[in-house]
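Asks: Using numbering that gives the first Met the number 0, the letters of the sequence shown correspond one by one to residues 0 to 104. Encoded as structure tokens, here's the structure I'll be asking about.
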Amino acid sequence: MYQLRIYTLRTVEALEQYATVHWTRHISSLRDFGVTTHGIWTQHDADAHRLLALISYPEGADPTEVATAYMASPGFAADMDGFDVSDIITVEDLLLDPAAASPLS
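Pasting the structure below:
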């Protein structure tokens, strides 16, 4: 199962820090939970301050349970060290299933 996560950050500086420091840390620590990061992007609109991450979960995993366990882990705490979480305004997530014609299906 794939998930698109959309983070809206307070400032361009917070977005830059989250994208270049903290999300790059998440890539490694998420692997410990069987989660694969397929890519991270920042929205082209410079005023949007959004980071988008495409991740996938192992077959049969419950994304909510995995996210809860991950966010309670020492790895997640270490990933976020030095970042003011109040700079994250919203987090949206969309669960995605590849269409039959998708190269990922």
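We put the CB at the ideal spot given by N, CA and C, even for glycine. Source: prediction; values computed, not measured.
#1: Taking one C-beta from the stretch 81 to 100 and one from the stretch 27 to 40 each time, how about it: are there three or more such pairs within less than 8 Å?
#2: Checking the sheet assignment: what are the DSSP bridge partners for Glu64?
#3: Per the contact definition of three or more C-beta pairs closer than 8 Å, is the stretch 57 to 64 in contact with the stretch 11 to 23?
#4: Counting only the same chain and skipping the five closest in sequence on each side, list residues whose C-beta sits under 7 Å from that of Ala71.
#5: Kindly indicate which three-state DSSP category Asp92 falls into: helix, strand or coil?
Replies: So, from the listed chains and residues:
#1: Counting Cβ pairs under 8 Å, fewer than three are found: no touch.
#2: Beta-bridge pairing links Glu64 to no other residue.
#3: No, the stretch 11 to 23 does not touch the stretch 57 to 64.
#4: Annotation for Ala71: no residue places its beta carbon closer than 7 Å to its own, counting only its chain and skipping 5 residues before and after.
#5: strand
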